[in-house]
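Shown next, in structure tokens, is the structure this report addresses.
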Amino acid sequence: METAAAEDGPDGSSIKPVSSLLARFENMNSGSQQQEQSRPLSPAPKPERLRSFKPAAHDVAPAPKTPAKIPDRLVADRTGNARPSARPCSTIKPLGISLQPPAVTVQAPPLSPEGASPIAESHSPFLDPPGREARVAPSKSNKMPGQPMSPHAPTIKPPRPCLSNPPSPPPPRRSAETRKDREGKQAPPPPPAPRSTRARPAPSLPEPRDKADISQAVSPFNSPPNSPPQIHNEPLRELPTRLTGKSIADGAGLEPLPPRRPSFAAKRTEREQITTASARSHLTSPRTADHRLVPDPSRLRGAEDHVNDAHSRPSPVLLQANTHKLEAPPPPPPPPPSDRPISQPASRQAPPLPTRQTNNVRLRERTPNGTRPESGSGSLPNTAASKAPPAAATEAASSSIKAIGAFPDGSNSNRRPPFIRKGCHEIQTRYDARAIDACGELVCTTGQLTRVWNLADGEQTMSLSHTEGVRATAVAFKPAPSADLEGSTLWIGTNLGEIMEVDVATQRVVHTKANLHGRCDVIRIYRHVNELWTLDEMGMLLSWGPDADGVPNLTGHPHQSNKLPRGHTFSMVVGDELWHAAGKAIRIFAPSPASSGPFQVLVRPLTYEGAGDVTAGTLMRTQPNKVLLGHIDGKISIFSTQDYSCLAVLTISSWKINALAGVGQHLWAGYNTGKMCVYDLTTSPWTVRKDWQAHDQSIIKMMADPAAAYRLDRVQVVSLGADNKIRAWDGLMQEDWLEEDMKSRDVEYCDFDEMRATVMTWNAGASTPHSLRYSDSDASFFRELVQSSSSPEIFIFGFQELVDLEDKTATAKRFLKAKKKEGADQERMSHQYRDWRDFLIKALDDYAPGDDLYHLLHSAPLVGLFTCVFVKASLRERIRNVSAAEVKRGMGGLHGNKGAVVVRFQVDDTSLCFVNCHLAAGQSQSSSRHNDVAAILDSTLFPAERDTEARIDSFAGGGDGTMIMDHELCVLNGDLNYRIDTMSRDTVVKAVEQQNLAKLLERDQLLMARRRNPAFRLRAFDEMTITFAPTYKYDVGTDTYDTSEKRRSPAWCDRLLCRGRGRIQQLDYRRHEVRVSDHRPVTGNFRLWVKKVEARGRAVAWMESQQRFEDVRQRETDDEQISYLVHTCGYDQASSEKFVAERSG
1 METAAAEDGP DGSSIKPVSS LLARFENMNS GSQQQEQSRP LSPAPKPERL RSFKPAAHDV
61 APAPKTPAKI PDRLVADRTG NARPSARPCS TIKPLGISLQ PPAVTVQAPP LSPEGASPIA
121 ESHSPFLDPP GREARVAPSK SNKMPGQPMS PHAPTIKPPR PCLSNPPSPP PPRRSAETRK
181 DREGKQAPPP PPAPRSTRAR PAPSLPEPRD KADISQAVSP FNSPPNSPPQ IHNEPLRELP
241 TRLTGKSIAD GAGLEPLPPR RPSFAAKRTE REQITTASAR SHLTSPRTAD HRLVPDPSRL
301 RGAEDHVNDA HSRPSPVLLQ ANTHKLEAPP PPPPPPPSDR PISQPASRQA PPLPTRQTNN
361 VRLRERTPNG TRPESGSGSL PNTAASKAPP AAATEAASSS IKAIGAFPDG SNSNRRPPFI
421 RKGCHEIQTR YDARAIDACG ELVCTTGQLT RVWNLADGEQ TMSLSHTEGV RATAVAFKPA
481 PSADLEGSTL WIGTNLGEIM EVDVATQRVV HTKANLHGRC DVIRIYRHVN ELWTLDEMGM
541 LLSWGPDADG VPNLTGHPHQ SNKLPRGHTF SMVVGDELWH AAGKAIRIFA PSPASSGPFQ
601 VLVRPLTYEG AGDVTAGTLM RTQPNKVLLG HIDGKISIFS TQDYSCLAVL TISSWKINAL
661 AGVGQHLWAG YNTGKMCVYD LTTSPWTVRK DWQAHDQSII KMMADPAAAY RLDRVQVVSL
721 GADNKIRAWD GLMQEDWLEE DMKSRDVEYC DFDEMRATVM TWNAGASTPH SLRYSDSDAS
781 FFRELVQSSS SPEIFIFGFQ ELVDLEDKTA TAKRFLKAKK KEGADQERMS HQYRDWRDFL
841 IKALDDYAPG DDLYHLLHSA PLVGLFTCVF VKASLRERIR NVSAAEVKRG MGGLHGNKGA
901 VVVRFQVDDT SLCFVNCHLA AGQSQSSSRH NDVAAILDST LFPAERDTEA RIDSFAGGGD
961 GTMIMDHELC VLNGDLNYRI DTMSRDTVVK AVEQQNLAKL LERDQLLMAR RRNPAFRLRA
1021 FDEMTITFAP TYKYDVGTDT YDTSEKRRSP AWCDRLLCRG RGRIQQLDYR RHEVRVSDHR
1081 PVTGNFRLWV KKVEARGRAV AWMESQQRFE DVRQRETDDE QISYLVHTCG YDQASSEKFV
1141 AERSG
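Residue numbers (full-length UniProt numbering): 1 to 1145.
Pasting the structure below:
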């Protein structure tokens, strides 16, 4: 026995020669007793299921009397490399032997000299966590006896050591896990909630360990073959604005951590408590009319015969209440509870930046193997924890959607481009750029080249040329450790799926990650505080969380990888969520590594069948908890971020919306036509504040630069067009604000004078003045008109078809005949126009009261169109800047048989414009008529006013007097040729006979276009209610509607419209029975108010307006700075407000 004991191994097993082992293999099946021999246990820690078994008495091997010496090689193996595998390995048979190898029972390893288990702290995370009672207790002997399994319990084979491959190391730990382990003061996270509703089992968590245990434990896999090199935390440079990962781990100088941000599960619990049937607040507040002050009657001049008239003073001006919209914005929403530690800002010469909150990235729930299940491109994870509104709630939400039919009011829109006042407002990229990002004075575009410009001087600061076949498809400025360092680094995504990090100052590629997106185009790079998310065209979304410095690091690996649906049309970051639109379907995800909830927030996508594909979207700082999405069909849908319900759907345009941006209370929209519009959301319906041609081609992207307020002390909007131009716009629209404020107070420094104007429109049908003599009623028309008009200060006579347009021969001659040289009006005017001019002069001389003399101010002919303007002799000296122009619309703009004649002039400091139109004919040509109107109103016809003060005083809408809509008072008359739709001629005639005009007016093309077409240009004009029968088409000389072969349906072709922002009022609207033509003439009397500016009072008002705007600008800029520091950079609210207040003061 002494000899046998001396030859025993360290674990108590007998050491025998090879021949004895071979004999044992040969006789292994000779008796059952040999098969029941106990096997030594593995030196690895026992699984939980085997720790409850007790060894049987007859199976316990006799303990040797003398403890054997443990070889050093075995001790090193047990403590260093003998870590068991996480899974049982397959049985491998010895070569050359067909018999089954003997079962071996592995014993527990002996204790260390200190009495502690050598593997207690290096327990594998793939095994169940050992309990305190299961740990190996110190033993008096240095060797462990054999522990065979009890025969009373079912025999369970423990896992055998793998003989072919080494055990797999655990997955590499993320930077967030490392930071968690280094936080000594923070309590360990609680175990995950029960996941009975999930299809996968809950992962086993290792026993929590403190910081000391991490540093003292020796892992058996210190140097795995494929593991990344160990990262050493070198001391970082001191940043006055944030805490580095090292300082957080050391816990030096930190205040208690604020409460963590509530998880998405808690948010959903609160949201589920909100019923969809609850009353929602209206989208917009009731519209408040910004009426101008009525001038003092003592300051009125003239109009002595209307002193006692209730309407003898200027009516309230319908100028929109935009002057003081920015002065009282609603308070910003309180920020969500932050999960970032707060530190005291360091002192410096300028006010210190607020505390930067480090993003404490929490690991998302994972499967037991340490990975997160990826969803396929076709189906998204339908987890029970994702929020799925019940069917009843969905139906209730759909029924409660507020579809607003009223289009935005564009009657008083401003057409002046709001260029920035300082710096360069336009940059030519000189290459095909399709992606843009801005950070204060820096703006970057990318494509075949990546270039960065400085908006302060327009100079190019960086140019990076990509190699052949490589094209940049996405770009974003990388978050910086401090707000002062923002804009120093770029992330660029390419069409090969790689991401590059470029230093702007040195123009050097710092890091490159290839094949991250599988050679697919990287279409978007999002910024979420100090995280970056990259998305490719196949739907792969990579989330890059912050490293120890608090910024994303391209040298590591993405923290998460998720799959999104294909067919991306638009996406944006909303809070901690990503709103992803593929066509009409809007899905909401939570890709941030800091989120503890499921990746897909909602099971079912958000849709609205009444709108097209989603193409744009934005958030409004002044309208929290709302997301505004733009659609391909010109609609805007508004969704709630609380219960994800659709609050309203509006139609703002007929063009495709390519981009949206929110600035204060204004929504900026960019269209595929290159136009940009600014809408005021405080009125109901919305008001079009601005409408201008921003780019020659489609707008690719437009963004409100959040960093401009902090870096440039201004609110800035940047746009990129398909014309390869970058343009920077003034987000506060200073010039518009000053102009509207001055016009709203013009009663303080202007004297107003009231006057009357009579306007006549008549399609004469090639009749002459001599034609009126054949009928008494026709001959008395002009006499009665002059005598019944109460001697107005202005007479405007507008004729159409003074020549026979149906005479093809005469029309061809006029079109082909060369123009005569410019000469006197008498020489250039044909006899038809001269006859009518002379007839009108004689009629005014004969029938006007003896005291009133009228002078011919101007006459303008155009192939059938003829306009004569007469003014009183007493008014002639106050009129200046008389001009006339013509717009040809016939035969594609080459012929004047259709078009307009425009006459404009100024009375004192008020501009007036009179338009005489003849639009395209035909029942089905309403679109051509719309185009004619747009071409006429958008034409540049007159010389521009160079004096800035005169522009503000005499013109409207930011115009310079070159266009019709620039004038303060405008009257449009003519044969507009709009017909009555979807009704037969007999039905229309019968309705006219029954005086059922309301039925016919509902089908009038002009009125329907005003209601249904937001792009219809005549929506900016007003028309008095029609109370007379249709004026077209009659049999000449009778009161019978057309009985010719064509049998045209009656219609109101002859119309009068006006616009004047409350300074013009139509008094009557009637037709006259003149049967010499197939049209009836229509007349209207108007009351006009013209002003005279008092220079001294205007100067005082201008200084006061500038001071008020400066107060508004400072307040708006401060609010934008706070929003930028909190929501973009991640600073806390209180410190940001304090910093901005000190900086502004």
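Backbone N, C-alpha and C define an ideal beta-carbon position, used for all residues, glycine too.
In this structure R946 is exposed. Its beta-carbon is surrounded by fewer than 16 other beta-carbon atoms within 10 angstroms.
Contact between P1030 and T761 is absent: CB atoms are separated by about 15 Å, not below the 8 Å threshold. Between V502 and V510, the C-beta spacing is below 8 Å. Contact check for R1011 against S411 fails: the beta carbons are separated by 8 Å or more. Counting along the chain, the unbroken alpha helix (DSSP H) around E1120 starts and ends at A1095 to S1123. Taken atom to atom, the span from the alpha-carbon of Q507 to that of W737 is near 41 Å.
Within its own chain, the residues whose Cβ lies closer than 6 Å to the Cβ of Q665, once the five positions on either side in sequence are excluded, are K325, T622, L681 and T682, listed in chain order. Taking the C-beta atoms as reference points, D960 is found no nearer than 8 Å to V1093. Here G765 is near S1077, since their CB atoms are less than 8 Å apart. Excluding five sequence positions before and after K513, the CB atoms of its chain that fall closer than 7 Å to its own CB belong to E498, I499 and L554, given in chain order.
Under DSSP, P861 forms a beta bridge with F866. Y847 sits in a helix when the DSSP states are folded into three classes.
Listed in chain order, the alpha helix (DSSP H) elements of length 4 or more contained wholly in the region 552–579 amount to none. V475 places its beta carbon less than 8 Å from that of A435. Of all C-beta pairs linking the region 964–978 to the region 921–936, three or more are shorter than 8 Å, placing the two stretches in contact. A Cβ-Cβ distance of about 4 Å is found for the pair T450 and L464, placing them in contact under the 8 Å criterion. For Y608, the three-state secondary structure derived from DSSP is coil. Around the beta-carbon of Y1041, 16 or more other beta-carbon atoms lie within 10 Å, marking it buried. Taking one beta carbon from each stretch, the region 642–660 and the region 608–626 have 3 or more pairs nearer than 8 Å; the two touch. Under the three-state reduction of DSSP, V443 is assigned to strand. In this chain, the beta strand (DSSP E) harbouring T450 covers L449 to N454. If you check the CB distance, D1039 and H1079 do not come in under 8 Å. Minimum Cα-Cα distance from E886 among the listed residues T867, F599, K872 and V871 corresponds to T867. In terms of Cβ geometry, N530 and G550 form a close pair [threshold 8 Å]. For H666, the enclosing beta strand (DSSP E) has its first and last residue at H666 to Y671. Considering only F914, E1073 and F942, the residue with the shortest C-alpha distance to G1060 is F914. No residue range can be given for Y1032, since it is assigned to no beta strand (DSSP E) and is classified by DSSP as neither H nor E. About 6 Å separates the Cβ atoms of I726 and L720, confirming a contact at the 8 Å cut-off. Within the region 697–760, the complete alpha helix (DSSP H) segments of 4 residues or longer fall at 708–711 and 734–744, listed in chain order. For L629, the CB contacts under 6 Å within the same chain, skipping 5 residues up- and downstream, are V614, G617 and S637 in chain order.
According to the DSSP assignment, K635 belongs to the beta strand (DSSP E) that extends over K635 to S640.
Rounded to whole angstroms, R415 and Y679 show a C-alpha spacing of 13 Å. Taking 8 Å as the upper bound for CB-CB distance, T1117 and V718 are not in contact here, some 17 Å apart.
In chain order, L772 and R773 place their CB closer than 6 Å to the CB of A779, counting only its own chain and leaving out the 5 sequence neighbours on each side. Assignment of V786 by DSSP, reduced to helix, strand and coil, places it in the helix class. Leaving aside the five residues that flank G674 on each side, the residues in its chain whose CB is nearer than 7 Å to its CB run, in chain order, Q693, A694, H695, D696, Q697, S698, I699 and G721.
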